[in-house]
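Q:
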Amino acid sequence: MANSCKDRESAEGEIVSELHPAFAEFDPENTEIYLDGYNVVVETNGLPNHKTVYWGLGHELYQAEPNVQLTPSIIPNFNGAATLRVAANPEIASSTTSTSLGAIGIAISGAYIFNDQEGNGPLGQAASSLDYTGGHIGPGQYHYHLEPKAWTNDDENLVGIMADGFFLYGRKCHATGDHPTDLDESGGHSTFTQHSPDIEYHYHIENELYLNQYYLLFAGRYQGTPSRIN
């Protein structure tokens with residue numbers, strides 16, 4: 722798969738000419754990203770691009786993690802492909818929206834972002850099944866609940882895009898080089914980022930410990946209008 726800037730006319734005949742520069746961070750082998758009028762479309766195969774025990778013994782990306790209590794599935798046993806269509810220029814909504822179980826965002830690795838719940842209960846009950854980068858499988862999708870240390874660990878790196886079209890970054894802010902102190906209830910604020918000199922709203926992984934050892938990816942509510950990932 723490859724990320725491109727294919728211009729496609731919308732019903733209104735309006736064209737957004739360029740993808741946001743942050744989309745260049747997404748793995749082109751696992752995602753295809755293009756413009757469709759006012760919208761950006763993110764297609765993913767749902768697979769992570771890094772090592773994890775959930776690839777299964779014998780896979781080139783398999784990594785032994787003896788302390789992980791594995792869920793029943795391994796990555797090669799499912800088709801996790803899905804598509805997210807969001808506004809190319811998302812806006813803050815008049816009211817916030819709660820997240821739901823299932824995918825709430827797509828990470829730059831190609832895999833999914835989930836919230837702080839697991840099976841209608843708190844994540845803590847499933848924490849033992851999470852791999853070193855805060856991910857596991859269930860049901861049918863490899864996904865992250867925690868700071869994905871495979872590529873971001875207390876830094877400003879891009880994590881992915883949420884279902885409302887806003888980007889999610891690591892615990893630090895590019896504008897200050899430190900942990901932001903002005904985040905709203907969803908872990909978001911408006912500053913420039915490494916991907917844009919313009920002031921724009923985005924989320925961060927909040928620098929608050931969960932169960933005294935983890936950093937949740939997204940525990941808040943959407944500030945924009947979410948779309949389904951399907």
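Residue numbers 722 to 951, in my numbering, belong to the letters of the sequence shown in order. Ideal Cβ placement from N, Cα and C applies to all residues, glycine included. Owing to the predicted nature of the structure, the values given are computational and were not obtained by experimental measurement.
So, are the CB atoms of T912 and A814 less than 8 Å apart?
A: Against a cut-off of 8 Å, the Cβ pair of A814 and T912 comes out as no contact.
Q: Going by C-alpha distance, which of Y922, P869 and D875 is nearest D899?
A: Of the candidates Y922, P869 and D875, the one whose C-alpha sits nearest the C-alpha of D899 is D875.
Q: Can you tell me where the beta strand (DSSP E) holding S738 begins and where it ends?
A: Per DSSP, S738 belongs to no beta strand (DSSP E) and is neither H nor E.
Q: Note down, in chain order, each residue of its chain lying with its Cβ closer than 6 Å to the Cβ of T820, except the 5 sequence neighbours on either side.
A: Answer for T820: N836, listed in chain order.
Q: Please determine whether the Cβ atom of L791 lies at a distance below 7 Å from any heavy atom of the ligand HEM.
A: As presented, the structure is devoid of all ligands, the ligand HEM included, so that no description of it is given.
Q: Whose C-alpha, out of D885, S917, T792 and T873, is nearest the C-alpha of T846?
A: Correcting the residue identity first, residue 846 is Gln in this sequence and not Thr. It is T792 whose Cα lies nearest to the Cα of Q846.
Q: Return helix, strand or coil for P787, following the three-state DSSP convention.
A: Residue state, collapsed to three classes: coil.
Q: DSSP on A848, reduced to helix/strand/coil?
A: The answer is helix: DSSP assigns A848 an H, G or I state.
Q: Examine the Cβ distances between the segment 821 to 836 and the segment 906 to 922 and report whether three or more of them are shorter than 8 Å.
A: With the cut-off at 8 Å, the segment 821 to 836 and the segment 906 to 922 do not touch.
Q: In the structure shown, what three-state DSSP assignment does Y936 receive?
A: Three-state DSSP puts Y936 in coil, outside helix and strand.
Q: At what residues does the beta strand (DSSP E) containing N806 begin and finish?
A: The identity of residue 806 in the sequence shown is Arg, whereas the question assumes Asn. A803 to A808 is the span of the beta strand (DSSP E), which, as asked, contains R806.
Q: Please name the residue, chosen from D905, N841 and Q934, that lies closest to G859 on a Cα-to-Cα basis.
A: The residue with the shortest Cα to Cα distance from G859 is N841.
Q: For P787 and A824, I'd like the C-alpha separation in whole angstroms.
A: Cα-Cα distance, rounded: 27 Å.
Q: Does DSSP put A743 in a helix, in a strand, or in coil?
A: Here A743 sits in helix by DSSP.
Q: Using only alpha-carbon positions, find the residue among D903, L904, Q915 and G891 that is nearest to Y936.
A: Closest by alpha carbon: G891.
Q: Hey, Y943 and D885 are a contact pair by Cβ (cut 8 Å); roughly how many whole angstroms apart?
A: Their Cβ separation, rounded to whole angstroms, is 4 Å, which keeps Y943 and D885 in contact under 8 Å.
Q: Excluding five sequence neighbours on each side, which residues of the same chain lie with their C-beta closer than 6 Å to the C-beta of R729?
A: Note that R729 scores 35 on pLDDT, short of 50, meaning its location in the model is unreliable; the coordinates nonetheless yield the value given after this. Only D757 meet the Cβ criterion.
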